[in-house]
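Quick mapping for you: the protein sequence lines, in order, are chains A and B.
To convert a position in the first sequence, counted from 1, into our numbering, add 1.
To convert a position in the second sequence, counted from 1, into our numbering, add 242.
Glycine residues also receive a C-beta, built at the ideal position from the N, C-alpha and C atoms.
Report on the structure given below.
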Amino acid sequence: MRQRGDASRRDFLKKCITGAAVLRVTGKMGLLEATEQGAPGKSRVVIARDAMLRGAGTTVDSHRVLNLLDRAMRTLFDRDNPVEPWKKLVRPGEIVGLKVNALGGRGLSTNLQLVEAICERLQEAGIRASDIVVWDRDSDELEHVGFHISAAGNRVQCFGTDRVDYEEELVTFGSVGSRLSKILTRHCDALINVPVLKDHDGAGVTMALKNMYGVIHNPNKYHPNGCNPYIADVNMLPEIRAKMRLTICDATTASYEGGPGYKPEYNWKNNALIVSQDPVALDYTGWQIIERKRAEKGLKTLEADGRAPRYIATAADAQHRLGTNDPKRIAVVEV
Amino acid sequence: MPREFDAGADAKLPSAGAAEGENSAVQVERSPLSSPLDRRLFFKCALASGAALGFCEFAQPLLAIPAWAVPQKQDDSRFTVEAKFYQKLQNKKIKCKLCPRECAVGDRERGYCGVRENRGGIYYSLVHSRVCAAHIDPIEKKPLFHYLPGTLAFSLATAGCNVNCKFCQNWDISQVRPEQVPADYAPPKLVAELAKQHGCPTIAYTYSEPVVFSEYLMDAADAGHAAGIRSVVVSNGYIQEEALKTAYGKMDAVKIDLKAFTESYYKDVVVGELKPVLDSLVTLRKMNKWTEIVYLVVPTLNDSDSEFRGLARWVKTNLGADVPIHFTQFHPEYLLKNLPITPVPTLERAKAIADAEGLHYVYIGNVPGHPAQNTYCPKCHRMLVERVGLTATKMLIRKGNCPFCQQPIPGVWHA
């Protein structure tokens with residue numbers, strides 16, 4: 002009979018395997034742990050709303066958007082302190098990239114006040130201002146929507162890939178072969194994705210997953226067939242997968258038709274943020290929001306319009322496993 | 243800022259080889275844009291020296307990426323002209339009518355080619371006069387074997403392509419947006435002048451995919467013809483009929499890359515379609531445009547006897563036995579680095595099948611020194627044009643005929 006504390010070879014191997022699994026999970030995806038509390042086995046998507054986000058005016062109020070962000074992050078990470086979630090996400094010394102979306106021009110790009118709020122919390126979590134890089138593919142587009150281009154000093158950095166170019170070497174996955182932005186490969190340790198909730202004439206909708214088209218040099222090659230399977234394949238590129246920490250989808254202003262360009266007649270003031278660490282669950286949830294708005298406006302479903310976002314299911318399939326698109330496995334929390 | 247097109251500029255040199263727009267061994271030719279120390283190189287050296295001397299501490303480092311490693315911001319407006327082939331749709335959308343893909347492009351978006359952009363419901367080409375590659379090549383490099391042998395072609399390209407071949411040897415210029423590669427400003431008249439100045443009777447639009455810079459190609463061809471310079475195009479033939487007639491109607495010869503003879507290959511390897519390319523070949527034939535065909539033989543993907551036979555029969559039936567066809571050797575590139583170089587016996591098998599089907603001018607390409615690079619009289623079988631590498635070393639055709647048996651040899655033989 003074995004004594005207490007003795008381990009058989011099988012036990013030993015079990016422990017080794019379990020330990021390795023834990024190390025692997027906590028090493029790469031340990032941050033997911035927080036989001037699964039309270040909803041075991043489910044991906045949590047938090048939708049935070051503030052009907053008074055703009056006060057009496059038309060622009061987003063900085064103070065209110067910071068509060069909205071705090072509410073979303075505290076809920077997602079189950080924390081009371083607004084800075085604690087960020088400490089779970091990033092570590093001092095890391096360079097954190099905020100991949101915004103500036104394609105939609107002034108009317109439909111990532112909100113400046115939101116980006117400022119994220120930068121504020123990151124700094125409170127110990128990230129130096131100069132270690133935060135706000136970026137998209139083109140500096141002119143960033144400037145056009147109101148970002149101040151800055152690539153030096155102790156300020157938050159902000160510039161496009163046009164300033165540093167793409168890697169020479171191709172990276173490939175599935176049907177995709179692309180050069181990655183050097184901002185991602187050489188300057189960012191961690192990536193926070195800050196897309197906009199939008200309709201897309203080709204892909205159906207565009208949020209977390211499609212925003213990664215701004216990381217590659219040849220997005221124009223990956224629009225056929227509703228961007229499927231290309232969007233999922235792009236998100237499988239190792240540098241993107243390894244560095245992605247969180248998606249904060251800007252749904253303060255969103256579009257339900259005519260996207261991705263800015264068409265005021267199809268925008269609505271949604272006054273919300275959608276936050277998740279599962280980009281597939283976030284995109285699925287955002288898609289449903291757009292469908293509800295389309296129904297409210299008397300428009301056809303995206304399926305009936307011939308542009309259902311099939312890439313979301315592809316991103317969840319066995320070849321990709323980027324997250325889940327199964328509503329039973331998504332916990333949507335509205336706050 | 244873009245620079246004027248001059249002998250000291252540094253437009254990107256494409257991989258040079260026997261079959262352009264295809265895939266081949268590197269064999270660099272004379273470049274009109276190279277000089278021992280060009281301006282960019284000078285600045286590189288100066289920066290490096292400055293860094294060594296410690297002067298660079300005054301410069302604001304942009305995250306350790308030296309400024310010269312980044313393509314210079316180009317003045318977009320200089321290269322932007324309204325596209326010729328498109329249709330306006332509702333909501334500021336457009337439908338491109340240049341190639342069979344017919345991209346529906348929303349405002350502020352670009353088509354599949356990446357070089358055409360919708361701005362407020364008007365579609366623009368962003369690559370007019372925006373030359374990212376220029377070279378002086380033997381015409382045999384296109385390859386055009388029945389067109390002015392032994393002459394030079396002033397060869398140029400802009401960024402962009404309307405397909406995405408997995409074997410592309412020039413993917414670094416064809417699969418990028420124009421702002422992602424250095425470019426020079428080369429308006430049509432300047433191109434014609436430079437061709438003349440360098441002793442080139444022909445301008446060749448090549449390296450990337452000329453379909454996507456059709457507006458520029460047409461204007462340059464007009465400028466060339468006004469100066470007594472001809473034009474040829476090296477293309478995938480994936481273009482709509484009206485655009486083909488308008489743009490390639492200005493060409494003096496055309497080389498089409500027929501990349502395979504199955505739709506599945508076009509779908510999976512080329513990201514295009516076969517049928518429109520075959521239609522283009524038929525249209526070119528009806529236009530009496532001198533046309534040659536290149537077929538890049540990729541091991542295991544398009545090298546079966548049935549494909550070679552089907553191709554040869556189709557060419558003979560639809561274009562005639564006199565259309566030259568070049569079976570060229572594949573080299574691992576871009577997204578097809580896992581396949582070997584095409585064995586020469588495979589190319590010889592392709593030629594044997596095409597010969598047996600009755601085609602008169604079947605060549606083997608990218609295999610320097612192979613006897614199937616020469617032109618032989620289909621009647622008396624004597625050698626008429628001898629080629630060593632990319633150089634025509636012997637040219638015996640006289641007034642378009644075989645000097646031995648007087649058999650007419652089709653082609654454009656004399657300037």
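Name the chain B residues that come within less than 8 angstroms of residue i, Cβ to Cβ?
i          : result
Lys-244(A) : By Cβ distance, chain B contributes nothing, its closest Cβ being about 16 angstroms from Lys-244(A), past 8 angstroms.
Lys-222(A) : Tyr-354, Gly-356, Asn-406, Gln-417 and Val-513
Thr-173(A) : Leu-577
For a contact meaning CB atoms closer than 9 angstroms, what does residue i contact in chain A?
i          : result
Tyr-480(B) : Result: empty, since nearest Cβ-Cβ is about 14 angstroms, beyond 9 angstroms.
The beta strand (DSSP E) spanning residue i covers which residue range?
i          : result
Lys-270(A) : 268-277
Arg-180(A) : Element bounds for Arg-180(A): n/a, residue is neither H nor E.
Asn-360(B) : 358-361
Ser-97(A)  : First, the residue type needs correcting, since residue 97(A) is Val and not Ser in the sequence shown. Unbroken beta strand (DSSP E) run through Val-97(A): 97-100.
For residue i, collect the residues of the same chain with a Cβ closer than 7 angstroms to its Cβ; drop the 5 residues on either side in sequence, then sort them by chain order.
i          : result
Asn-616(B) : Met-625, Val-627, Glu-628 and Arg-629
Gly-642(B) : Pro-650, Ile-651 and Trp-655
Gly-353(B) : Cys-338, Cys-345 and Val-347
Ala-319(A) : none
Mind checking if residue i is an interface residue toward chain B, Cβ cutoff 8 angstroms exclusive?
i          : result
Thr-202(A) : According to the sequence provided, residue 202(A) is Asp. The question's Thr does not apply to it. Chain B contact via Cβ: present.
His-321(A) : no
Ala-317(A) : no
Tyr-167(A) : yes
Gly-108(A) : no
Asp-163(A) : yes
Gln-4(A)   : Any reading at Gln-4(A) must be qualified, since the residue scores a pLDDT of 42, below 50, and its modelled position is unreliable; no value is offered.
Asn-219(A) : yes
Leu-274(A) : no
Leu-104(A) : yes
Thr-207(A) : no
Tell me which same chain residues have a C-beta within less than 8 angstroms of the C-beta of residue i, skipping the five on either side of it?
i          : result
Thr-186(A) : Glu-168 and Glu-240
Thr-302(A) : Glu-292, Arg-295, Ala-296 and Ala-309
Applying a beta-carbon distance threshold of less than 8 angstroms, which residues of chain A neighbour residue i?
i          : result
Gln-649(B) : Result: empty, since nearest Cβ-Cβ is about 47 angstroms, beyond 8 angstroms.
Asn-333(B) : Gly-259 and Lys-264
In terms of residue numbering, what span does the alpha helix (DSSP H) encompassing residue i cover?
i          : result
Thr-315(A) : 312-317
Trp-87(A)  : 85-90
Glu-549(B) : 547-560
Ile-331(A) : No alpha helix (DSSP H) holds Ile-331(A); the beta strand (DSSP E) holding it covers 331-335.
Which of the three DSSP states, helix, strand or coil, is assigned to residue i?
i          : result
His-188(A) : helix
Met-213(A) : helix
Asn-112(A) : coil
His-321(A) : coil
Trp-413(B) : helix
Ile-48(A)  : strand
Ser-450(B) : coil
Met-460(B) : helix
Lys-497(B) : strand
Ile-241(A) : helix
Met-53(A)  : coil
Ala-434(B) : helix
So, at 6 angstroms on beta carbons, what are the nonlocal neighbours of residue i in its own chain, with the 5 sequence-adjacent residues on each side left out?
i          : result
Asn-326(A) : Val-281, Tyr-285, Ile-313, Ala-314 and Ala-317
Asn-271(A) : Ala-252 and Ala-255
Leu-578(B) : Lys-408 and Phe-409
Met-460(B) : Ala-489 and Lys-492
Arg-527(B) : Leu-561
Val-47(A)  : Ala-73, Thr-76, Leu-77, Val-276 and Val-334
Met-529(B) : none
Cys-619(B) : Leu-626, Cys-644 and Gln-649
Arg-272(B) : Here the model assigns Arg-272(B) a pLDDT of 41, short of 50, so the residue's position is not dependable, and the following value carries that caveat. So the qualifying residues of the chain are Ile-378.
Val-146(A) : Ala-103, Arg-107 and Ser-110
Please decide whether residue i counts as near chain A, where near means a Cβ-Cβ distance under 8 angstroms.
i          : result
Gly-363(B) : no
Leu-283(B) : Bear in mind that a pLDDT of 38 at Leu-283(B), under 50, signals an unreliable position, so the number given afterwards is only what the model happens to contain. By this cut-off, Leu-283(B) is not an interface position.
Gln-571(B) : no
Leu-516(B) : no
Glu-534(B) : no
Glu-421(B) : yes
Run through chain A and tell me which residues come within less than 7 angstroms of residue i, C-beta to C-beta.
i          : result
Asp-317(B) : Near Asp-317(B) there are no residues of chain A at all, since even the closest Cβ is about 12 angstroms away, more than 7 angstroms.
Asp-349(B) : Gly-262
Can you pull the chain B neighbours of residue i, defined as C-beta to C-beta under 7 angstroms?
i          : result
His-149(A) : Under the 7 angstroms cutoff, chain B gives no residues; its nearest Cβ is about 15 angstroms from His-149(A).
Name the chain B residues whose beta carbon is nearer than 9 angstroms to that of residue i?
i          : result
Gly-178(A) : Asn-406, Lys-408, Trp-413, Gln-417, Tyr-576 and Leu-577
Quick check: does the Cβ of residue i come within less than 7 angstroms of any heavy atom belonging to the ligand MG?
i          : result
His-201(A) : Ligands are entirely absent from the displayed structure, and the ligand MG is therefore not among its contents.
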